[in-house]
Amino acid sequence: MLLHHRLLPRLLLVPSTHTSTTLRPSRLPLRLSLSPRFSAPSHLAAPQTVDQSDDEGASQGKVQAKLPLDRLFVPPGATVDTGDQDAVSARVLKGSNIVLGPYARGDAQVVNADFVKSSVRPDDCPRDGLPEFALVGRSNVGKSSLLNSLVRRKRLALTSKKPGKTQCINHFKVNDSWYLVDLPGYGYASAPQEARTNWDEFTRNYFLSRENLVSVFLLIDASIPAKKIDLDYASWLGQNKVPMTLVFTKCDKRKKKKNGGRRPEENVETFQSLIREYFEAAPPWIMTSSVTNQGRDEILLHMSQLRNYWLKH
């Protein structure tokens, strides 16, 4: 198994049974870990709260319970006072489990974004050393739509009704200082077997060899029940110590009978419960919609704090 110094140290969240103590991430290696290499002091900015209720529920006066402390993503170096749930809640990005720190600065918003190149091998990717974030997910999960939403451009990354269109590693330079990377989708049965094998091989080689990869954003369709292939992909990233954030897409879609009559919030919770037993640390996750732009600012803030820490360390 190939590991690099950029992937360490790892985060371990240990639930506390004493409300007067603090919850501190440690730097011990994990059996499986999804934690990006990020540190933040205890003084944190004040984003929106941890309340995970959806708009429909909020309009009816229903508010979902706040997340337990042991299911939050606490950046390494930050401390959380387990005796003050409200203070912790005020430091969590809405629609996520991510505690926000001071590394999320005024450079979070996208000013400009341009396509740079497509590569068929990791060795062909840009070599300027700028930090980058990779978007990957099952075909038709909405990678290109999310990328366009993040940069506020309708056609920066071309979308298609035909799954499997992205067949290269596509680099988009943002603010002339970092990259968004659109990777081939996986799991599209109609694609030729040889092509699917090649995509998987060079995508995974990219994950293991790319020194300036800050984090992988694994996109999961929240409008449908959890898929085994997504669970397997999350497990592979964890086993190989690749920093990862779960991005749940299509959260604007309401429950439908053909999808088991479940709301996106329920599918998100189910997915997390299925992987929870495999990860000692709570992986960071965000709920999004490219239609309503839900989660766009939260993703950019999360990327900002990861990027700024990566550049400093």
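As numbered in the working numbering, residues 12 to 324 make up the sequence shown, in order. Even for Gly, the Cβ is constructed at its ideal location relative to N, Cα and C. Just so we're clear, the structure is a prediction, and the values are computed from it rather than from any experiment.
Nearest candidate by alpha-carbon position, reference residue i, set the options
i	options	result
Asn123	Asp211, Asn159, Glu280	Asn159
Asp243	Gly112, Ser220, Asp211	Asp211
Leu311	Ser107, Lys77, Thr93, Phe213	Ser107
Arg163	Asn151, Phe183, Val121, Gln178	Val121
Glu222	Arg82, Lys105, Asp134	Asp134
Arg191	Gln178, Arg82, Arg149, Phe144	Looking at the sequence shown, residue 191 is not Arg but Leu. It is Phe144 whose Cα lies nearest to the Cα of Leu191.
Met314	Arg273, Ser188, Gln283	Ser188
Arg128	Thr93, Ser155, Lys184	As written in the sequence, residue 128 is Lys, which differs from the Arg given in the question. The shortest C-alpha separation from Lys128 is found at Lys184.
Cys136	Thr281, Asn186, His182, Val258	His182
Lys252	Phe282, Val258, Phe218	Phe218
Local Cβ density within 10 Å of residue i, reported as buried at 16 or more and exposed below that
i	result
Phe126	exposed
Asp193	buried
His324	exposed
Thr303	exposed
Pro236	exposed
Glu288	exposed
Leu284	One point to set straight first is that residue 284 is Ser, not Leu, in the sequence displayed. Ser284 is exposed by the Cβ-count criterion.
Asp232	buried
Gly249	buried
Ala293	buried
Arg138	exposed
Cut-off 7 Å between Cβ atoms - residues of its own chain near residue i, not counting five sequence neighbours on either side
i	result
Gly153	Leu230, Thr260, Lys261, Ser301
Asn216	Pro133
Phe282	Ile231, Ala237
Arg82	Asn108, Ala293
Cut-off 6 Å between Cβ atoms - residues of its own chain near residue i, not counting five sequence neighbours on either side
i	result
Trp321	Pro142, Val225
Pro2	Past the edges of the chain, shown from 12 to 324, lies residue 2, and the structure says nothing about it.
Gln316	Gly112, Tyr114, Ala115
Gly140	Asn223
Gln178	Pro195
Gly72	Confidence at Gly72 is low in this model, with a pLDDT of 35, below 50, so the placement of that residue should be treated as unreliable; the coordinate-derived value is given next. Hits under 6 Å: none found.
Supposed contact pair residue j and residue i - C-beta distance, whole angstroms, cut 8 Å
i	j	result
His130	Ile180	The sequence shown places Ser at residue 130, not His. Sure, about 4 Å apart at Cβ, within 8 Å.
Gly198	Ile240	5 Å
Pro254	Val279	Not quite, the Cβ-Cβ distance comes to about 20 Å (not below 8 Å), so this is no contact.
Ser246	Pro275	With 8 Å as the limit, Ser246 and Pro275 do not qualify as a contact, their Cβ atoms being about 22 Å apart.
Arg307	Leu146	Not confirmed; about 13 Å, so no contact.
Arg149	Lys238	7 Å
The ligand PLP heavy atom lying under 8 Å from the CB of residue i
i	result
Gln250	The ligand PLP is not part of the structure shown, which contains no ligands of any sort.
Nonlocal neighbours in the same chain, by C-beta distance under 8 Å from residue i, ignoring five residues either side
i	result
Gln305	Gly106, Cys262, Asp263, Met298, Thr299
Phe213	Val131, Arg132, Pro133, Ile180
Gln96	Lys77, Leu80
Asn319	Tyr114, Ala115, Arg116, Asp118
Asn186	Asp118, Val121, Val122, Asn123, Ala124
What are the complete alpha helix (DSSP H) segments, minimum 4 residues, inside the region 121-164?
Runs of the alpha helix (DSSP H) inside the region 121-164: 154-162.
Quick one: complete beta strand (DSSP E) runs, 3+ long, within the region 245-279?
255-260
Can you check the region 279-306 for any beta strand (DSSP E) of at least 3 residues that lies completely inside it and give the ranges in chain order?
296-298
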